[in-house]
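If you read the sequence shown in numbering that gives the first Met the number 0, its first letter stands for residue 0, the second for the next number, and so on.
C-beta: ideal position from N, C-alpha, C; glycine also.
Computed from a prediction, not measured in an experiment: that's the story for all the values here.
These notes are about the structure you will find just below.
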Amino acid sequence: MVRGVVVEAIDRDIAEIETLSIRDGDGRLWTFTTDGPLEKNGAHLRLHQVLGQAIEVRYEEREGRLIATGLRD
């Protein structure tokens, strides 16, 4: 799990995000893909981006990719 502020959220469709980028407290940029819908959609994540509110991302690493498996405000 990693916590950070949303840098970018790109939609796959109205319910799913394709990619999500966050910056953690140490300044590291994390970019995730998804395999299906998560708890939050792109619009919700962009609201966090505008307000500068951090989120938590649960993820797995598969074949060198970071796959987001869950999100929490």
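| Asked | Found |
| --- | --- |
| Measuring only the C-alpha atoms, how far is Arg11 from Thr18? | 8 Å |
| Here's the rule I'm using: 16 or more other beta-carbon atoms within 10 Å means buried, otherwise exposed. How should Leu28 be labelled? | exposed |
| What do you reckon, are the CB atoms on Phe31 and Ile9 nearer than 8 Å? | no |
| Using C-beta distances below 6 Å, list every residue in its chain close to Glu57, excluding the 5 sequence neighbours before and after it, in chain order. | One point to set straight first is that residue 57 is Arg, not Glu, in the sequence displayed. Excluding sequence neighbours, Arg57 sits near Met0, Thr68, Gly69. |
| Hey, quick one: how far does the alpha helix (DSSP H) through Ala42 stretch, first residue to last? | 41–50 |
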